[in-house]
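Notes to accompany the following structure.
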Amino acid sequence: MYQLITDACCDVPADVLNKLNVAYIPMTLDLDGKQYDDDLGQTFDYQWFLECLKENKQPTTSQINVGQYLSYFKPYAQQQIPLLYVAFSSGLSGSFSSALQAVEIVKEDYPHAEIYCVDTKGASLGEGLLVIQAAAMQQANHSLQEVVAWLETYKEHVRSWVTVDDLGHLERGGRISKTAAAIGGLLNIKPIIHVDTEGKLQTIGKARGRMKALKTILDATEKEFDLTILNQLYLAHSGDEESVSYVLEQLAQRLPDTPVEHFPLGPTIASHTGYGCIALFSMGKTAR
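Residue numbering for the sequence shown follows this note's numbering, starting at 6 and increasing by one per position.
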């Protein structure tokens, strides 16, 4: 028996994680002077949040601190239940470092505690698809060590293709310059973003207009997709239902035998991408 745990940046809804018996740690964000829990849809008013993004409000997010990790890790150590934490990318947050510190503190009191932490080097459903696969392996009676080994191998194959509609959020987050944001807005330029080997977001291209940007990430996904690893696609989005419908229709035409799960982009991630982000996640043929 072992317990899987993740964090809210996986963007897998709470009801899905509950069915998979995966525990999760909420993230926090501040908006208009108030603090909210990103609890994967348990209590957070997501439609209100999307309206805030449309109004160009700028939420700020906080990483999970050592104390929060201790409150989740320690009870399993006390009960002698092995634990696997499937974590948000260390390239995007200091949370993973805090998790490792928490493990060391737990082991001071419980030296035989069995706690594994896997840095997915992923975000949103790029992290989430690994969480779901880990849960599926657990349900198929794979050992904790087998699950860890699989995650460490195949996390390098995860492909994350992202485009955003609001350059202002990228500019305010330091991802692009004010000049690039201004020019891009005037010319209707949409960035093409992926997650690199360090788990960081990198802008690797651009497209003129929304439809061309969506086609670019669809083409990239189709080109690199490996059905032998995982015959499943994941789509995350922050509003813009018209674009979501278009992407789903395209995927059904291009890959009719491949299921597609689609969930809202969680508020923690959407705080940095803005309204209208579309992100496609799959397993690629080679390591990144």
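Beta carbons: idealized from backbone N, C-alpha and C, even for Gly.
Quantities reported herein were computed from a predicted structural model and do not represent experimental measurements.
Whole-number beta carbon distance between residue j and residue i, since they are thought to touch under 8 angstroms
i, j, result
"C15", "G133", "4 angstroms"
"P362", "L58", "The structure shown has nothing for residue 362, since the chain only spans 6 to 293."
"L9", "A139", "6 angstroms"
"A292", "E161", "4 angstroms"
"G244", "D171", "In fact, because the Cβ distance is near 10 angstroms, the residues do not count as touching under 8 angstroms."
"M6", "I137", "The Cβ separation is near 20 angstroms, so there is no contact."
"S103", "V71", "5 angstroms"
Beta-bridge partners of residue i, as assigned by DSSP
i, result
"T168", "I197, I283"
"L213", "Looking at the sequence shown, residue 213 is not Leu but Arg. In the DSSP output, where bridge partners are listed per residue, R213 has I194."
"E266", "Y239"
"Y90", "I10, C122"
"L206", "V200"
"V163", "M288"
C-beta contact flag for residue i and residue j at 8 angstroms
i, j, result
"L130", "F230", "no"
"I198", "T208", "yes"
"A118", "A82", "yes"
"L88", "A128", "no"
"N193", "R213", "yes"
"L55", "I110", "no"
"D50", "G271", "no"
"T168", "A225", "no"
Coil, strand or helix - residue i by DSSP
i, result
"S95", "coil"
"I110", "helix"
"S250", "helix"
"S67", "strand"
"Y29", "strand"
"G271", "coil"
"K290", "coil"
"F230", "strand"
"D35", "strand"
"Q52", "helix"
"Y115", "coil"
"Q255", "helix"
"D44", "coil"
"T278", "helix"
"K59", "helix"
"L156", "helix"
"F23", "The question names Phe, yet the displayed sequence has Asn at residue 23. Helix."
"A128", "coil"
"D245", "coil"
"Q144", "helix"
Heavy atom of the ligand MN within 7 angstroms of residue i beta-carbon
i, result
"Q84", "Of ligands this structure carries none, so the ligand MN is not represented either."
Segment contact flag, the segment 259-275 with the segment 223-242, C-beta cutoff 8 angstroms, min 3 pairs: Judged by Cβ distances under 8 angstroms, the segment 259-275 makes contact with the segment 223-242, as three or more pairs qualify.
The segment 114-125 in contact with the segment 72-92 per 3-pair CB rule at 8 angstroms: yes
Touch test, the segment 24-35 against the segment 250-262, Cβ-Cβ under 8 angstroms, three pairs minimum: no
Inter-stretch contact (C-beta, 8 angstroms, three-pair minimum) for the segment 47-63 and the segment 270-289: Yes, the segment 47-63 is in contact with the segment 270-289.
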